[in-house]
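Enquirer: Residue numbers (the numbering used here): 526 to 601.
Note that CB positions come from ideal geometry on N, CA and C, so glycine has one too.
A quick note: this is a predicted structure, and the numbers were derived from the prediction, not measured.
Before I ask anything, here is the structure I am working with.
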Ligand code: SF4
C-alpha cells in the first residue's frame, strides 16, 4: 500500500500531462528519521492500510510467486 501511494504521487509528464492538470497526490505525514523508525513496519505511521500487526511486527521479506520480494503484512 505504501508503494502504491508513492507511485500515485508521481507527476504526469509528456503525453500523459496533456490530459489536464491534476493536483499531485501526496502521502500524509513526514518521513521518520533513520534513527527513529517506529516499531513494526517503518511506514506504518503514513500507511492507509495499517492494522495492528503493522504496528506490532516488522514485516519480513516474502518472495513473490512470479519474481521479486515484498515486505508488507498486507501485500496483494
Ligand atoms: S506492513 Fe502495514 S503499514 Fe507497512 S506497508 Fe504494509 S500495510 Fe502498510
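#1: If contacts are defined as beta-carbon pairs under 8 Å, then residue 527 and residue 568 qualify, I think. What distance do you get, rounded to the angstrom?
#2: So, are the CB atoms of residue 588 and residue 566 less than 8 Å apart?
#3: Examine the ligand SF4 and report whether any of its heavy atoms sits within less than 7 Å of the Cβ of residue 533.
#4: Report, in whole angstroms, the separation of the C-beta atoms of residue 553 and residue 571, which I expect to be a contact under 8 Å.
#5: Cα-Cα, which of 539, 599, 555 and 529 is closest to residue 576?
Expert: A quick look at the data gives this:
#1: Position 2 of the chain shown holds residue 527. Position 43 of the chain shown holds residue 568. Confirmed, about 4 Å.
#2: In the chain shown, the residue the question calls residue 588 occupies position 63. In the chain shown, the residue the question calls residue 566 occupies position 41. Taking 8 Å as the Cβ cut-off, residue 588 and residue 566 do not qualify as a contacting pair.
#3: If you number the chain shown from 1, residue 533 lands on position 8. The answer is no for residue 533.
#4: Position 28 of the chain shown, counting from 1, holds the residue named residue 553. Position 46 of the chain shown, counting from 1, holds the residue named residue 571. Residue 553 to residue 571, Cβ: 6 Å. Contact.
#5: Taking the first residue of the chain shown as 1, we reach residue 576 at position 51. The candidate whose alpha carbon is nearest that of residue 576 is 599.
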